[in-house]
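Asker: Quick one: the structure is below, questions incoming.
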Amino acid sequence: MEYKKLDKKIIDGWRTSRVIRLACFLIPTLAATIFIDIDGLVWNIIYYGLWAICAYCLLGLIFYPPIEYRQWGYYIDEEKVVIRHGLFFISQTIIPIIRIQNITISQGPINRHLGLYKVEIALASGSHEIVGLDQETADAIGESLRAKLYHRMEAKGEL
Amino acid sequence: MKFGPQKGHVACIFDNFFKDFGLVLIALIVSLVSGDMDLLSENVGVLVIVLLAPVLRVVGWLTTTYAVDEEKLLIKSGLFTRNELEVPLSTITTVDFSQNIFHQIFGVYKLNIDNNANIADGQTKVHMTLKKDDAAAVRSLLMKGRQGMDGSNFAAEQDETSLPHREEGTRYQVETSDVLLMGLLKSKLLFLLELFGAIAVIANLLPADIFESGIMDRLIEKIAEMGATPAVLITIAVLFVTGSLCGMIGSFIRYYGFKILDNGEAVKIEYGLLNRKTYTIAKKKISGVFYEQSALMRIAKVGILNLMAVGYGAGSDEDASEEAILFPLLKENQLTEVIGKILPEMQAVEAYQKPEPKALRYFFIRFSVFFALAVLAGSFFLPKVDDFFQGAWVLGALFLMYRLGACVMAYLTAGAYGNLQHFSFCYGGYKKMRVFVKTSMIESIESVGSRWKRKRGVMDINIGCLAPGGEATQIVDNLPESTFNELKEYLIY
């Protein structure tokens, strides 16, 4: 089973969202450094804790996206969808196509800028996503899943 | 329209009466007994907010109408914003009755109707409080809409127009002693949290002079004399006894007269002392069962058998804590036989594939173990703050041993197997769960593990299945890769 890779632009997408996350911690930390007189044990713990989170976010921004990209992959055949992803904890999910309830193709603001889409596969028990796809691939996956789903339902006499 | 448009019965304004007005009633009783009405006048703001509930209920009752035709159930509601909810009859999965004490006084029934939409977040749950004849008529109409339904929960009904009635089939009547024993042996944690909450609220309502009389000071003095270790141990013992007694009373009220009827096509469950409930669940709609054993139940070799079916259990009505019990207390050695009788797909029970010895270390990498280590470290530091905490390290060490014991138990308990008929998973620490799910109800399978764990051929297995809420995902930790590979072969593609 050979996994298909995501569009490489998704690394920039992940980096952008990590920059936003870093900014969410860095701005209040810098504001605290400039404007507040940090005093007392609890405030010192919070202050240095915030710097530690900022450092972690910065490391994540530099190192995590390429690792995540390397580990991301999906595979679709006639009967199932397999999704593998994760950073420290890698998960491999197998979804029989016959179980799919609905398929959504969507695009957030960062992905819109990069021209990327995600395909969301909804089951009754939860949903799974394939992210970082160009429009053509996303549409092709959506169409092919829909066709395979109807084909399998027909074969099982459920349509 | 075959029924309606018609309003529900006025008794619907008493739904959840004790839950909504319990505190006000307690405050009223305390005020009357103590002859001090200041308590009510001081809390007039809270009273106004609480008393808004019946006003809103009356508005809801006046503005809501129900109608049923050949194809759909139509509910129109709202005063300023009109809402119309249309439920196609063919999507309805359960129509069940319940009667709380006020319904019994008024001679009305509450119809609980739901469809598969409540698996996901958007719940399509309808409650209708109707007179006996109207309830029967609506139920009959909803049942007539079953054409084209796949295994609707009405499939087992014989008399389509009557309310709960005597039916043929295998009947099980659960003894009251078993219901009490279940309350005694059940895990007390959740109950104790509720108890703490209730005590805190009631203490706030009690007259202040009780606290000023010196009782509390004397109690605090006594505790201070004892030291931390005996005080904590005595508190745990008192809470355990209180929890057990209250658990028994709670189980008796909730599950009194527990009856199960298996007529081959469906399982019908009836229970309740003050709030009598009746559920009919078609076997086709049952995803599986799970057998739950608290630590005490494991010692007594008994457990609670629960159903996994949409429309039964948590979220099936207003009470989110409702449990989907099939058998309140079932002996371990009867489990296979009972499951096989009710769900023949579950007959072929196999031996569980267990974690390998090399996976034992991963069971200790848990938040609870790190938390226990932090508590132990803290217990060495605390005596420097106050002498009261002298010897607190004993408690810290006991707590750590308790958590480590849970990890070892989790290792010994974990297991899974699958076949063409069903999958089964076993997991838990002191509390053990054995889950049996029909293979046809399994939607996805997932393996999760760090790179290092995967290299050693160890992974957590997550199963997604067609079941309500929290039961939709089942997780067994640290199983061999071969188990995952075997399970995925049995998935229905």
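Going down the list, the protein sequences come from chains G and Z.
Position in the first sequence (first residue = 1) + 10 = this note's numbering.
Position in the second sequence (first residue = 1) + 1205 = this note's numbering.
Glycine is no exception: its CB is placed at the ideal position from the N, C-alpha and C atoms.
1. What did DSSP end up calling Glu1694(Z) once you bin it into helix, strand or coil?
2. Roughly how many whole angstroms lie between the Cα atoms of Gly70(G) and Gly59(G)?
3. When you compare only the Cα positions, how much space is there between Pro1293(Z) and Met1421(Z)?
4. Scan the segment 1620-1646 of chain Z for residues whose Cβ lies nearer than 8 Å to a Cβ of chain G and list them as they occur along the chain.
5. Considering only residues of the same chain and omitting the five flanking positions on each side of Arg1376(Z), which have a CB-CB separation below 6 Å?
6. So Cys1670(Z) contacts chain G; which residues on that side make the cut at Cβ distance below 7 Å?
7. Going by DSSP in three states, Ala1529(Z) sits in which element: helix, strand or coil?
8. Along chain G, which residues have their Cβ under 7 Å away from the Cβ of Ala1677(Z)?
9. Is Gly1493(Z) helix, strand or coil by DSSP?
10. Less than 8 Å separating the beta-carbons of Gly1493(Z) and Met1638(Z)?
11. Which residues, in chain order, does the segment 1677-1697 of chain Z contribute to contact with chain G at a C-beta distance below 8 Å?
12. Roughly how many angstroms lie between the CA atoms of Met1453(Z) and Arg25(G), to the nearest whole one?
13. Please list the partners that Phe4(G) has in chain Z, where partner means a Cβ-to-Cβ separation under 9 Å.
14. Rounded to the nearest angstrom, how far is the Cβ of Val91(G) from that of Met11(G), given a contact under 8 Å?
15. Assuming the contact rule is C-beta atoms closer than 8 Å, Thr1434(Z) and Leu1600(Z) should be a hit. Round their C-beta distance to whole Å, please.
16. Report the partner residues of Ser1629(Z) according to the DSSP bridge assignment.
17. With a threshold of 7 Å on Cβ separation, who are the neighbours of Ile1428(Z) within its own chain once the five nearest residues in sequence on each side are excluded?
18. Since Phe45(G) and Cys67(G) should fall inside the 8 Å C-beta cutoff, what is the C-beta to C-beta distance between them, to a whole number of angstroms?
19. Helix, strand or coil, according to DSSP, for Ser116(G) in the structure here?
20. My assumption, with CB atoms under 8 Å, is that Ile1650(Z) sits in contact with Ile1668(Z). Please give the rounded CB distance.
21. Could you confirm whether any beta carbon from chain G is found closer than 8 Å to the beta carbon of Ile1650(Z)?
22. Considering only the alpha carbon of each residue, which of Gly1432(Z), His1627(Z), Phe1604(Z) and Lys1506(Z) lies closest to Leu1386(Z)?
23. Just by C-beta distance, which residues in the segment 72-102 of chain G are closer than 7 Å to chain Z?
24. Would you list the one or two residues that DSSP bridges to Met1513(Z)?
25. Out of curiosity, what's the CA-to-CA distance linking Gly1583(Z) and Val1653(Z)?
26. Looking at chain Z, is there any beta carbon in it that lies within less than 8 Å of the beta carbon of Arg109(G)?
27. On a Cα-Cα basis, can you pick out the residue from Lys1391(Z), Ser1382(Z), Ile1306(Z) and Asp1274(Z) that is closest to Ile1504(Z)?
28. Measuring only the C-alpha atoms, how far is Ala1677(Z) from Met1513(Z)?
29. Nearest chain Z C-beta to Ile140(G) closer than 8 Å, yes or no?
30. For His1214(Z) and Asp1274(Z), what's the separation of their Cα atoms in angstroms?
31. Once the 5 residues before and after Leu1278(Z) are set aside, which same chain residues still bring their CB inside 6 Å of it?
32. Comparing the C-beta of Pro119(G) with each C-beta of chain Z, is any distance below 8 Å?
33. Quick one: measure Cβ to Cβ for Ile113(G) and Val129(G), integer angstroms, because I've assumed they're closer than 8 Å.
34. Which value, in whole angstroms, describes the spacing of the CA atoms of Ala1361(Z) and Tyr1567(Z)?
35. Grouping DSSP H, G and I as helix and E and B as strand, with all else coil, what is Met1333(Z)?
36. Going by alpha carbons, who is nearest to Pro1225(Z) out of Pro1259(Z), Leu1578(Z), Asn1248(Z) and Cys1217(Z)?
Answerer: So, to answer that:
1. DSSP places Glu1694(Z) in helix when its eight states are reduced to three.
2. In a straight line, the C-alpha of Gly70(G) is about 16 Å away from that of Gly59(G).
3. Distance between the alpha carbons of Pro1293(Z) and Met1421(Z): 60 Å.
4. Answer set for the segment 1620-1646 of chain Z: empty.
5. Excluding its 5 nearest sequence neighbours in each direction, Arg1376(Z) has C-beta neighbours in its own chain below 6 Å: Leu1466, listed in chain order.
6. Correct list: Ser135.
7. Under the three-state reduction of DSSP, Ala1529(Z) is assigned to coil, being neither helix nor strand.
8. In chain order: Ser135 and Gly136.
9. Taken through DSSP and simplified to helix, strand or coil, Gly1493(Z) comes out as strand.
10. No, the Cβ-Cβ distance between Gly1493(Z) and Met1638(Z) is not below 8 Å.
11. Within the segment 1677-1697 of chain Z, the qualifying residues are Ala1677, Thr1678, Lys1693, Leu1696 and Ile1697.
12. Spanning the two alpha carbons is a distance of roughly 56 Å.
13. Nothing in the structure corresponds to residue 4(G), since chain G is present only between 11 and 169.
14. At roughly 12 Å, the Cβ-Cβ gap does not stay under 8 Å, so Val91(G) and Met11(G) are not in contact.
15. About 6 Å separates the two Cβ atoms, so the contact holds.
16. In DSSP, Ser1629(Z) forms a bridge with Tyr1622(Z) and Phe1641(Z).
17. Closer than 7 Å at Cβ, skipping near neighbours: Ala1436.
18. With a Cβ gap of about 21 Å, Phe45(G) and Cys67(G) do not count as contacting.
19. Strand, per DSSP.
20. Rounded, the Cβ-Cβ distance is 6 Å, consistent with contact.
21. Contacts with chain G at 8 Å (Cβ-Cβ) include Ile1650(Z).
22. Comparing Cα-Cα distances from Leu1386(Z) to each of Gly1432(Z), His1627(Z), Phe1604(Z) and Lys1506(Z), the minimum goes to Lys1506(Z).
23. Hits within the stretch, in order: Glu89, Lys90, Phe98, Phe99, Ile100, Ser101 and Gln102.
24. Under the DSSP definition of a beta bridge, Met1513(Z) partners with Gly1493(Z).
25. Roughly 33 Å between the two C-alpha positions.
26. By this cut-off, Arg109(G) is an interface position.
27. For Ile1504(Z), the closest of Lys1391(Z), Ser1382(Z), Ile1306(Z) and Asp1274(Z) by C-alpha to C-alpha distance is Lys1391(Z).
28. Distance between the alpha carbons of Ala1677(Z) and Met1513(Z) is about 9 Å.
29. Taking Cβ atoms only, chain Z never reaches closer than 8 Å to Ile140(G), which makes this a no.
30. Going from the Cα of His1214(Z) to the Cα of Asp1274(Z) covers about 20 Å.
31. Excluding sequence neighbours, Leu1278(Z) sits near Val1292.
32. No, its Cβ sits nowhere closer than 8 Å to a Cβ of chain Z.
33. The C-beta distance from Ile113(G) to Val129(G) rounds to 6 Å, short enough to fall under 8 Å.
34. Residue placement at Ala1361(Z) cannot be trusted, given a pLDDT of 39 that sits under 50; the coordinates are not used to answer.
35. Under the three-state reduction of DSSP, Met1333(Z) is assigned to strand.
36. For the sequence presented, residue 1225(Z) should be read as Asp rather than Pro. For Asp1225(Z), the nearest C-alpha among the options comes from Pro1259(Z).
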